[in-house]
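Residue 123 is where the sequence shown starts when you use this note's numbering, and the numbers rise one by one after that. No residue lacks a Cβ here, since even glycine has one placed at the ideal position from N, Cα and C.
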Amino acid sequence: MNQPGTICPDLPADILEAVVTTLPTIDLLSASCVSHNWLHAVRSSLHTRPRLFPWLILRRLPHPSASTHSIHALDPNSHTWLSVPFRNNSIGKQSLLTSYFLLGSTRDLLYTLTLSQLVISKDPFGSSIKMETKGPKVWRQDPVVAEVGQWVVVVGGLFVIDLDEGEEEGAVEIYNKQTDTWELAESIPTMFEGYTYATLLSVAVSDNRLYVIEKNTGWVSQFDPESKKWEQTRQLRPDSSVLKWSIAIAGKERLLLVGAGREGEVMKVRTWDVDGDTLQVISNNPEEMPVEMVDRLFPNFDCLHEDMQAVCSVEVRGTERGGYMFDPANMKNGVVMYQLSMEEKEKEERRVWRWEWVPSPATVGCDMMERISVGCSPVTLHEVARCLLKAKSNLLPRRLQ
């Protein structure tokens, strides 16, 4: 029984669990503190209905010299944003983490990569450090950095110092977490020459492969870190009207190919299923993002000059359960959440079975100087609690910490 004066009524366990199931993830923290019964209901709910759909995580730095940054994380279960401010602290290992995300097969983490060290966070909020080791042999800026099984793969980028003999613009290095060693691997295929920067590529990661696609041309290739070689390479252009391409994981040995293009004066966003082994489009019947959501991503598209229409782009971040599509140059326009069918589909069945529009936080995209890095990852209740605790202590005056 409840103590006299409490406002929490006794509820049957099944009803209490049903109530808890409807709560946003952040509210589960408060709910678990109400009483032992509520704590049990929270644990039971997360056990029977695990929240596996990935969160969209934005790490926002207003400008390079800003004293604070913020993390905005979208809870897909409630469609609400968790916004957490941080002070940039020059003390402690956490200050080593940048706003860039290390792409992974199941979750994205924050990282810092320099000539002297590689630092990777333990969770997608950067609340603590998971790994710190020496840096790669070749120093570059804006490379693709991904975690593929036991390897961290670094591809391309802008080289800020002269390359040594034998080093190439498309240089690839892999770090073996088991042996704590860096090794040079086969350079990125020549089709990507001049397009080896992360900003020009879209990336997807499976348990054993890294996939990259050049956003403008549709050239795609797969890299196997175990053999240290690039395997299949081909150009994916199932629709000649597409201006920009992007990819994400869509299941075991499956990729979701996303294309954004102009059809008359209208913008279209279409998706195709691609075989992860052969890199061939499985069906030429694409699925389309609902028109009303495309219009929200690209407001007044028909009023733009043709040159401005040509630079409009859609980026995708996701896992085998689903993810998010957005215009990386206009995050203030919001994001579109998509959910993939988890059933083995027949050839003509729909792969994306649910689309949903989500507005961005009011402060995102308002400052032309700000940098926004985008990650996608399942998030646990413990990680949310740790993020909030770190933010609270981080914003305290140092004498009170």
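Suppose you measure from the CA of residue i to the CA of residue j; what does that come to, to the nearest Å?
| i | j | result |
| --- | --- | --- |
| N330 | G444 | 20 Å |
| R392 | G279 | 29 Å |
| A140 | K454 | 35 Å |
| H158 | S368 | 47 Å |
| C509 | A372 | 29 Å |
| W203 | I148 | 10 Å |
| F301 | T255 | For the sequence presented, residue 301 should be read as Thr rather than Phe. If I take the Cα positions, the gap works out to 11 Å. |
| A320 | P265 | 5 Å |
| I335 | E315 | 12 Å |
| K366 | S243 | 31 Å |
| H191 | L224 | 18 Å |
| L511 | L503 | 12 Å |
| T228 | S309 | 25 Å |
| G226 | P198 | 19 Å |
| G440 | V325 | 11 Å |
| C155 | V164 | 10 Å |
| V380 | T143 | 33 Å |
| K351 | A268 | 15 Å |
| P246 | T234 | 13 Å |
| C488 | V327 | 31 Å |
| V506 | L168 | 14 Å |
Return the first residue and the last residue of the beta strand (DSSP E) that residue i is part of.
| i | result |
| --- | --- |
| D346 | W341 to D346 |
| V396 | V388 to D397 |
| E533 | Residue 533 lies beyond the stretch modelled for the chain, which goes from 123 to 523, so this question has no answer here. |
| L365 | V364 to G373 |
| R165 | It is not in any beta strand (DSSP E) - R165 instead sits in the alpha helix (DSSP H) that spans H158 to T170. |
| S324 | L323 to V327 |
| A307 | T303 to A307 |
| E437 | E437 to T441 |
| Y446 | G444 to F448 |
| I296 | V294 to N298 |
| K454 | Taken as a continuous stretch (DSSP letters only), K454 belongs to no beta strand (DSSP E), as it is neither H nor E. |
| I179 | W177 to L183 |
| G316 | That residue, G316, is in no beta strand (DSSP E); it is neither H nor E in DSSP. |
| G381 | R376 to E385 |
| T400 | First-last for T400: undefined, no H or E at that position. |
| E353 | K351 to Q357 |
Give me the residue from the options with the minimum Cα distance to residue i.
| i | options | result |
| --- | --- | --- |
| V364 | W394, K351 and D346 | W394 |
| A382 | M411, R376, R356 and D399 | M411 |
| G271 | K299, D417 and R384 | K299 |
| R473 | Y333, V274, M464 and V413 | M464 |
| P483 | D136, L196, P172 and R165 | L196 |
| L401 | A268, P207 and P360 | P360 |
| L322 | E387, A451, M415 and S205 | A451 |
| R173 | S200, T312, S227 and E295 | S200 |
| R356 | Y333, P347, E375 and E348 | Y333 |
| W475 | G487, L462, L419 and V486 | L462 |
| E478 | D489, C498, V457 and V486 | V457 |
| L378 | V436, V267, V413 and L145 | V436 |
| Q263 | A293, G386 and F175 | A293 |
| I404 | S349, P311, S154 and L358 | L358 |
| W273 | R376, F423, A307 and S250 | A307 |
| E353 | G398, W160 and V501 | G398 |
| P258 | K374, L150, L231 and T303 | T303 |
| P500 | F175, D136 and P146 | F175 |
| N407 | V396, E385 and E387 | V396 |
| D417 | K390, A135, M313 and V327 | K390 |
| M253 | V260, P311, Y297 and P207 | Y297 |
| A135 | L150, M415, W160 and A153 | W160 |
| W261 | V277, F448, L150 and S249 | V277 |
Taking the continuous alpha helix (DSSP H) assigned at residue i, which residues delimit it?
| i | result |
| --- | --- |
| M415 | V413 to L419 |
| A135 | A135 to T143 |
| T147 | T147 to A153 |
task: Pair every Cβ in the segment 222-242 with every Cβ in the segment 336-354, then say whether three or more of these pairs are closer than 8 Å.
output: no
query: Are there three or more Cβ pairs, one per stretch, closer than 8 Å when the segment 479-493 is compared with the segment 168-185?
result: Of all C-beta pairs linking the segment 479-493 to the segment 168-185, three or more are shorter than 8 Å, placing the two stretches in contact.
field: Minimum length 4: unbroken alpha helix (DSSP H) runs contained in the segment 215-274
entry: none
task: Any chance you could list the beta strand (DSSP E) runs of at least 3 consecutive residues sitting entirely within the segment 475-511, in chain order?
output: 493-499
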